[in-house]
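This report concerns only the one structure given below.
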Amino acid sequence: MEGLRSSLQKELTMGPGSASALELLRHPALRRLFLCLSVLWFATSFAYYGLVMDLQGFGVSIYLIQVIFGAVDLPAKFVGFVAINHLGRRPAQIAALLLAGICILANGVIPQDQSTVRTSLAVLGKGCLAASFSCIFLYTGELYPTMIRQTGLGMGSTMARVGSIASPLVSMTAELFPSMPLFIYGTVPVVASTVAALLPETLGHPLPDTVQDLEDRRRGKPQRQQQEQQKQMVPLQASAQEKNGL
């Protein structure tokens, strides 16, 4: 009962005003999460739309490449689902961004006449970015505390929209150097993969409810939910021992 009472009291004290977007910048732990996740959301969307809007640059029919780009999403999301549940959220996110960046960068140095190789790399890179989208949706929700989870997801989605807006502007750099857009599109997810390495793993861990839970997880302390469960288990174990004694 004490654990339930304390949980209800904490929920009552967390009013709507405590879940504003300003909370993401007010607390150091939330600020660090917000900045790192903003980079991941931006990079994924930035590179994704950069590839999608450069269909005519692969030397293949734009209609065929559009069909292939659409078809690769389903298997890519399935592979991403398997990876995040077996390898973990962080390794899957790092691998998806890093592999996507490498594929895009490789496309920038491969000659234009090797359309098959360039198309294959573009399809693989696009699939990795689709898997990255699936992973980051789940990863973001598990990283933010309950009190500000939806706000954090909304801000992440906003950064993704910023990435999609900035992506077409980069294509204009092709006037300076033809492969410049691909180098930029590839570098951003590679850098983002190193940022993802700064985030904690969430697979198999309880979701944080408050900022304090977030701090406890960062410091390696047991979270409030685990402490309450342990407190509740003590009287249950004692009563079970009494029954066995009788």
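The sequence shown begins at 1 in the UniProt record's numbering and counts up by one. Just so it is clear, CB atoms sit at the ideal spot from N, CA and C, and this is done for glycine as well.
Asked	Found
Cut-off 7 Å between Cβ atoms - residues of its own chain near Glu23, not counting five sequence neighbours on either side	Leu30, Ile148
Simplified DSSP state of Gln114, which is helix, strand or coil	coil
Whole-angstrom distance between Pro208 and Thr146, CA atom to CA atom	6 Å
Residues of its chain near Val79, where Cβ-Cβ distance is below 7 Å and the 5 sequence neighbours each way are ignored	Ala131
Short Cβ contact (8 Å threshold) for Phe183 with Gly108	yes
Reduced DSSP category for Glu201 - H, G, I as helix; E, B as strand; rest coil	coil
Nearest to Leu37 (by Cα), restricted to the options Val52, Gln93, Gly70	Gln93
Closest Cα partner of Arg161 within the set Tyr49, Leu64, Pro75	Tyr49
Gly156 to Thr140 span [Cα, whole Å]	8 Å
Burial state of Gly125 (16 or more Cβ within 10 Å)	buried
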